[in-house]
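A.B. asks: Chains as they are written, first to last, in the working numbering: chain S, 1415 to 1563; chain F, 745 to 1241; chain R, 86 to 410. Where a beta carbon is used, it is the ideal one built from N, C-alpha and C, also for glycine. Input: one structure, supplied below.
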Amino acid sequence: MSKGSVIPPVLVLLFGIGVLAASAGIRPGMLDQDPGPAFMPRICGAGLILLSLYLFFDREPHEGLPRGGSLVKVIGTAVLLLAYLNLIEPLGFPLSTALFLGFEVFIIGIRNPVVLVAAPIMLSGAIYYLFRYGLDVALPATRLFGVLI
Amino acid sequence: MSGWYEGLSALMDLSVLVMIPLGVVLGIAVGAIPGLSATVGMAMFLPFTFTLDPLTGLVLLLGIYNGACYAGAIPAVLLRTPGTPSSAATTLDGYPMAQKGQAGQALTISLVASVAGGLIGTLLLSLFAPALARYALSFGTPEYFAIAILALTIIASVGGGSMAKGFVSAFIGLTIASIGFDPIAGFPRLSFDNTSLSGGISLIPMLVGIFGVSEALIQLERVSNMHERMTALGSFRMGAGWVKRLGPTMMGSTLVGFFSGMLPGVGGDIGGYLAYNETKRLAKPGDRFGEGEPKGVVAAEAANNASNMGSLIPTLALGVPGNTQSAVLLGALLIAGVQPGPGLFAAAPELVFGSFLAMTLAYACMLAIGLLGIRLWVRVVQIPAVYLWPLVLVFSVVGSYAVRNEPFDVLVMLMAGVLGYLMTKANYPVAPLLIAAIVGPIAEENFRRSMILNEGSLTWLFQPLTATILLLAAASVVFTFVRHRKTQRPARADEAS
Amino acid sequence: MTNTSFGIRASLLGATMLAAASAYPAHAQDFPSEPIRIVIGFAAGGSTDTNTRALANAAEQVCDADIVISNQPGGSGVLALETVRNSEADGYTMATTPTEISALKHLGLSDVTHEDFKAVMRFIFDPHGFFVRSGSDYKSMDDVINAAKNGTKIRIATSGPASPYAVTFQDVARAAGVSGQFVNIPYQGDALAIPAALSGEVDLIVTNASNVVGQVKSGDFVPLGVATDERIDVMPDAPTLKEVGIEVTGGSIYGLAAPKDTPEDRVAALNDCFKKAFDSESFQSFIAKTGVNPAYLGAEDFDAYLTDEYTRYGELLKTLGLAKN
């Protein structure tokens, strides 16, 4: 039976050290007998370091990251989401959503033009209307789109 | 009894009665969409109620409040994305049920549990509110700390495989919750002089990311064509003998939820987890929690709806809101010219008892709308996966953004999603992270305040009520550990041979 | 309704009807012709949110304005203030002014101050008050101060050592010369502090008067002193601190401010519109019912007020050892 990867416990260890280091810079509390603002982060940092050592020696097998096309899909989706959240204000919600949906479906591997282009535009419009007029939530719309909607 | 009569006659007005289904439907809409919460919905309609008759406005707001609490379970079951924070515990068994092809049954169970929890909660509220409010006052800072610790012990039991991994997950959650201003001194910590970070990590984007987005990433790995759909929906019935099977859980969880809701600031987000933990502790052999156990869904949903009612106790009887939603209700009462507090029940019986009766009708309405609607909502999972999961991502983005129009929150959601994905792949459970992030700050605040109040001495830990709750928490951990050992040993023996 | 759904539709409609509209003569440059956005630095459902929505609701009715409310809670209002500071100074975006605006820079939490804004108006001043539970040994501020002078520690519930409540009580302690004896017990919000004061976990609570109108009326809380110049309508029997010999005023403010470079005439137009809303029957009845204390200040007065408060907070936070600069 193979053991699990060492990467997760090492990451936990590094994170724990990072938390402990960052909590050194926290101002002490100013009330008498208050354990202070750094109290909780220090417990967390120390706890993570101790647990990482335990987990380093007690490694159970685990699934691990996918390979090939599946990994590309996951990374591609994360990158698209990052682009989407940065474009939502400059481009407005309807346009950025249509773009996101189109590219996302493309990454998944669909090449049918109706699914790639028409459906995203319709869906993003429908969601915009649902929020704006159905639920009273204002989403960003640029002037260009504001005229249309 | 005259209060009930006055309430009934005030309620018998068409404009009031119309508001009951309207409020429930609005509540279901905001509750089912992750990111929109009952608070947002109620705050939006509060100015609208200024123009209404007091009871009419109150009934509308209460409908939204209760409708949203139920509806949070719908995406929690179908998409592993809780619609409201209080439904987070529902994902633990609700989503596995849906994956096993029992989505229909899981939804029906969550609806019935919500209605039962809410109705019993309403009854308790209407009978005992003033007496219970005084009882709630006997819970001071040390008792709050003990309750938070009791809620944290659930971490030991939702870890699945390895307890150590569950604790890692919890510490990550505690660390994330520590970012921003600390709860006692108000100093920024772990924020690296960044304004967005010093404002703290919002719960809702984190919740949406760690459950919904990570699940979407996992599902998208394998989707490659138009025809893939989720599994079958299964029956929409509760299953034979459900009253006997699920009834005790429903009753017990309702009480746990109701009492936790009574404590201002603790409320519904914890109630679901507390009840889930207690239910699990009383599990019978054959109950498979975390793998689609109907009792888990019942516990979470009965508790969070009952805690909704519990939180109205301090609101009505003390004039202190139990959570943000009841703060809006408090505002509505004030604007209606009614002063919540000990005198409220005598001063405005038509309003108080009218609302209680209206809530009873609202739950009946919710049951009807729910039973009709379930067959519609469940269609969501029949959307081809190639659209379903990208759409889940879009709704997650919108929900996270709409909380405060802040792209940073969407970034939090994305990072929480990636973190949840990586943790799942490395076999680390994500539920402890969330529980710790919700409960940790309560534990920290009350621990530190207890120390200040007692001038550094630890004697407060041994006050009767505090010590009892802490012993209960310790027993819970020991019990889980022993049970864990028992189930692990045969498994390891199998592996060795 | 003070919300967004009718915003754009209504403004399109408004544009076509502008010629016929009499509310705004041509020389006001047709302002406002678009929806006005108010960014609230606190969550939906809180007191700032409720008070501001009530005013906005009235403004929509009295002066043909479409108002969009957006909540941007975070860091005691810092997030919203920074958003508005960086937005276009055309009068279409305003922030609510949190009480903490006077403290943020001193505490080193943000560099944003009132100087980054043009004050539009203050509409509510909710004074801080000192309250004890019924049956407390302390019957007056004198009792409290004498006990403190005799070495008794007085435990006071606030919402944090650097919160506006704490600044007010430290101001009182400074005036009475008992700084060391007042122990600050911080609670995350009034919803936790009020039960603590009711149950006797703390001796005294400092909070906005409007938060405890009900408890004072029912006799559960006894007001020892309210930090205003004159008694407030909702608690006519509560003495002011001045009456008991302590020259301290302090409270939570609810006001509106636009980015610094907003043209004067637009600020004047906004002030005009929201003053009308303030005077409207619907807002006045809202105030009467919720127990908040109406306290209108025009643009200039409000600006002067904010400047004074900024200095006072600076001094007090420095004596508390909390000020960074």
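1. For chain R, check one thing: does any of its Cβ atoms lie closer than 9 angstroms to the Cβ of F:Ser940?
2. Please report the straight-line C-alpha distance between F:Arg1025 and F:Leu1202, rounded to a whole angstrom.
3. Since R:Asn269 meets chain S, which of its residues come closer than 8 angstroms, beta carbon to beta carbon?
4. Span of the alpha helix (DSSP H) holding F:Thr1104?
5. Taking the CB atoms as reference points, tell me whether F:Tyr879 and F:Asn1190 lie closer together than 9 angstroms.
6. Would F:Gly807 and F:Ala776 be called neighbours here (beta carbons separated by less than 9 angstroms)?
7. Judging by CA-CA distance, which residue of R:Val163, R:Ala139, R:Gly265, R:Thr334 is the nearest neighbour of R:Gly214?
8. Compute the Euclidean distance between the alpha carbons of R:Ala354 and F:Val762, then round it to the nearest angstrom.
9. Out of curiosity, what's the CA-to-CA distance linking F:Ser1070 and F:Leu802?
10. Going by beta carbon distance, what residues of the same chain come within less than 6 angstroms of R:Ala95, once the five residues before and after it are set aside?
11. Can you tell which of F:Pro829, F:Ser958, F:Gly767 has its C-alpha closest to the C-alpha of F:Leu804?
12. Given this structure, state the Cα-to-Cα distance separating R:Ala258 from R:Glu394, to the nearest angstrom.
13. At a CB-CB cut-off below 7 angstroms, which residues of chain S make contact with R:Pro246?
14. Ordered along the chain, which non-local residues of its own chain (more than five positions away) have a Cβ less than 6 angstroms from that of F:Gly838?
15. Counting contacts by CB-CB distance shorter than 9 angstroms, is F:Leu896 in contact with chain S?
16. Excluding the 5 residues flanking R:Tyr381 on each side, which residues of the same chain have their C-beta closer than 8 angstroms to its C-beta?
17. Bridge partners of R:Val124, per DSSP?
18. Just to make sure I have the definition right: I need the residues of chain F whose C-beta is within less than 7 angstroms of the C-beta of S:Arg1441. Which are they?
19. In whole angstroms, what is the alpha-carbon distance linking F:Gly997 and F:Ile1196?
20. Please identify, using Cβ separations under 8 angstroms, the residues of the segment 1486–1500 of chain S that lie next to chain F, in order along the chain.
21. Quick one: what's got a C-beta closer than 6 angstroms to R:Phe492's C-beta in the same chain, skipping five residues either side?
22. Could you give the DSSP three-state label for R:Phe415: helix, strand or coil?
23. Pairs of beta-carbons, one from the segment 940–948 of chain F and one from the segment 1211–1220 of chain F, closer than 8 angstroms: are there three or more?
24. Give a yes or no on whether 9 angstroms exceeds the smallest Cβ distance from F:Pro1008 to chain R.
25. Measuring only between beta-carbons, confirm whether R:Ala281 sits less than 9 angstroms from chain F.
26. Name the two residues that bound the continuous beta strand (DSSP E) containing R:Ser337.
27. How big is the Cα-Cα spacing for R:Thr396 and R:Pro249?
28. Would F:Asn810 count as contacting chain S if we go by Cβ distances under 9 angstroms?
29. So, for R:Gly274: in the same chain, excluding its five sequence neighbours on each side, which residues have a beta-carbon less than 8 angstroms away from its beta-carbon?
30. Measure the Cβ-Cβ separation of F:Pro927 and F:Arg1148 and say whether it is below 9 angstroms.
31. So, at 8 angstroms on beta carbons, what are the nonlocal neighbours of S:Leu1494 in its own chain, with the 5 sequence-adjacent residues on each side left out?
32. For F:Thr885, name the three-state secondary structure that DSSP assigns.
33. Put F:Leu934 into one of helix, strand or coil per three-state DSSP.
34. Where does R:Lys157 land, buried or exposed, given buried means 16+ other C-beta within 10 angstroms?
35. Going by DSSP, what residue range makes up the alpha helix (DSSP H) through R:Leu355?
36. Strictly under 9 angstroms for the Cβ-Cβ distance: is F:Gly1087 near chain R by that measure?
C.D. replies: Straight from the coordinates:
1. Taking the first residue of the second sequence as 1, we reach residue 940 of chain F at position 196. Against chain R, the CB of F:Ser940 has a partner CB under 9 angstroms away; the residue lies at that interface.
2. Position 281 of the second sequence, counted from the first residue, corresponds to residue 1025 of chain F. Position 458 of the second sequence, counted from the first residue, corresponds to residue 1202 of chain F. In a straight line, the C-alpha of F:Arg1025 is about 29 angstroms away from that of F:Leu1202.
3. Numbered from its first residue, the third sequence carries residue 269 of chain R at position 184. Neighbours of R:Asn269 on chain S, chain order: Leu1445.
4. Taking the second sequence and counting its residues from 1, the one referred to as residue 1104 of chain F is at position 360. In the DSSP annotation of this structure, the continuous segment of the alpha helix (DSSP H) that includes F:Thr1104 starts and ends at 1093–1121.
5. Locating residue 879 of chain F in the second sequence gives position 135, where the first residue counts as 1. Locating residue 1190 of chain F in the second sequence gives position 446, where the first residue counts as 1. Contact: no.
6. Taking the first residue of the second sequence as 1, we reach residue 807 of chain F at position 63. Taking the first residue of the second sequence as 1, we reach residue 776 of chain F at position 32. Not in contact: F:Gly807 and F:Ala776 (Cβ atoms no closer than 9 angstroms).
7. To locate residue 214 of chain R, count along the third sequence from 1; it is residue 129. Closest by C-alpha distance to R:Gly214, out of R:Val163, R:Ala139, R:Gly265, R:Thr334, is R:Thr334.
8. Sequence index remark: in the third sequence, residue 354 of chain R carries index 269 (1-based). Sequence index remark: in the second sequence, residue 762 of chain F carries index 18 (1-based). The straight-line gap from Cα to Cα measures roughly 41 angstroms.
9. Stepping through the second sequence from its first residue, residue 1070 of chain F is reached at position 326. Stepping through the second sequence from its first residue, residue 802 of chain F is reached at position 58. Answer to the nearest angstrom: the Cα atoms are 11 angstroms apart.
10. By 1-based counting over the third sequence, the position of residue 95 of chain R is 10. Per-residue confidence for R:Ala95 stands at a pLDDT of 36, beneath the threshold of 50, marking its modelled position as unreliable; no derived number is given.
11. Your numbering for residue 804 of chain F matches position 60 in the second sequence. The residue with the shortest Cα to Cα distance from F:Leu804 is F:Gly767.
12. Stepping through the third sequence from its first residue, residue 258 of chain R is reached at position 173. Stepping through the third sequence from its first residue, residue 394 of chain R is reached at position 309. In this structure, the straight-line span from the alpha carbon of R:Ala258 to that of R:Glu394 is close to 18 angstroms.
13. One-based indexing of the third sequence puts residue 246 of chain R at position 161. Identification of chain S residues near R:Pro246 by a Cβ-Cβ cut-off of 7 angstroms yields Met1444, Leu1445, ordered along the chain.
14. Start at 1 with the first residue of the second sequence, and residue 838 of chain F comes out as number 94. Apart from sequence neighbours up to five positions away, the residues of its chain that approach F:Gly838 with a beta-carbon distance below 6 angstroms are Ala820, Val821, Ala850, Val1041, ordered along the chain.
15. Counting from 1 along the second sequence, the entry for residue 896 of chain F is found at position 152. So no, F:Leu896 is outside the interface.
16. Taking the third sequence and counting its residues from 1, the one referred to as residue 381 of chain R is at position 296. Within the same chain, Met206, Arg207, Phe208, Lys360, Phe363 come within 8 angstroms of R:Tyr381 by CB-CB distance, once the 5 residues on both sides are set aside.
17. One-based indexing of the third sequence puts residue 124 of chain R at position 39. Per DSSP, R:Ser155, R:Ala180.
18. In the first sequence, residue 1441 of chain S corresponds to position 27, counting from 1. Near S:Arg1441 (Cβ distances below 7 angstroms), the residues of chain F are Phe931.
19. Here residue 997 of chain F corresponds to residue number 253 of the second sequence, with the count starting at 1. Here residue 1196 of chain F corresponds to residue number 452 of the second sequence, with the count starting at 1. Reading off the sequence, residue 997 of chain F comes out as Ser, not Gly. Cα to Cα, the separation comes out at about 34 angstroms.
20. Of all residues in the segment 1486–1500 of chain S, Lys1487, Val1488, Thr1491, Ala1492, Leu1495, Leu1496, Tyr1498, Leu1499, Asn1500 have a Cβ within less than 8 angstroms of some Cβ in chain F.
21. Past the boundaries of the shown model lies residue 492 of chain R; chain R is included only from 86 to 410, so the question cannot be answered.
22. There is no way to answer for residue 415 of chain R, as the model of chain R reaches only from 86 to 410.
23. Note that the segment 940–948 of chain F does not touch the segment 1211–1220 of chain F; fewer than 3 beta-carbon pairs, one per stretch, sit closer than 8 angstroms.
24. In the second sequence, the residue the question calls residue 1008 of chain F occupies position 264. At a cut-off of 9 angstroms between beta-carbon atoms, F:Pro1008 makes contact with chain R.
25. Residue mapping note: residue 281 of chain R aligns to position 196 of the third sequence, counting from 1. So, interface residue.
26. Taking the first residue of the third sequence as 1, we reach residue 337 of chain R at position 252. For R:Ser337, the enclosing beta strand (DSSP E) starts and ends at 336–344.
27. Position 311 of the third sequence holds residue 396 of chain R. Position 164 of the third sequence holds residue 249 of chain R. R:Pro249 has its alpha-carbon roughly 14 angstroms from the corresponding atom of R:Thr396.
28. Here residue 810 of chain F refers to the residue found at position 66 of the second sequence. No, no contact with chain S.
29. Within the third sequence, numbered from 1, the residue matching residue 274 of chain R stands at position 189. Around R:Gly274: Ser244.
30. Here residue 927 of chain F refers to the residue found at position 183 when the second sequence is read from its first residue. Here residue 1148 of chain F refers to the residue found at position 404 when the second sequence is read from its first residue. No, these two residues do not count as a Cβ contact at 9 angstroms.
31. Here residue 1494 of chain S is taken as the residue at index 80 of the first sequence, counted from 1. Only Phe1514, Phe1517, Glu1518, Ile1521 meet the Cβ criterion.
32. Reading the second sequence from its first residue, position 141 is the one you call residue 885 of chain F. Residue state, collapsed to three classes: helix.
33. Within the second sequence, residue 934 of chain F is the residue found at index 190, counting from 1. Reduced to three states, the DSSP call for F:Leu934 is coil.
34. Translated into the one-based positions of the third sequence, residue 157 of chain R becomes position 72. The question names Lys, but residue 157 of chain R is Gln in the sequence shown. Flag for R:Gln157 reads buried.
35. Walking along the third sequence from the start, residue 355 of chain R turns up at place 270. First-last of the alpha helix (DSSP H) with R:Leu355: 349–364.
36. Against the second sequence, residue 1087 of chain F aligns to sequence position 343. Interface flag for F:Gly1087 against chain R is set, since a Cβ pair is found closer than 9 angstroms.
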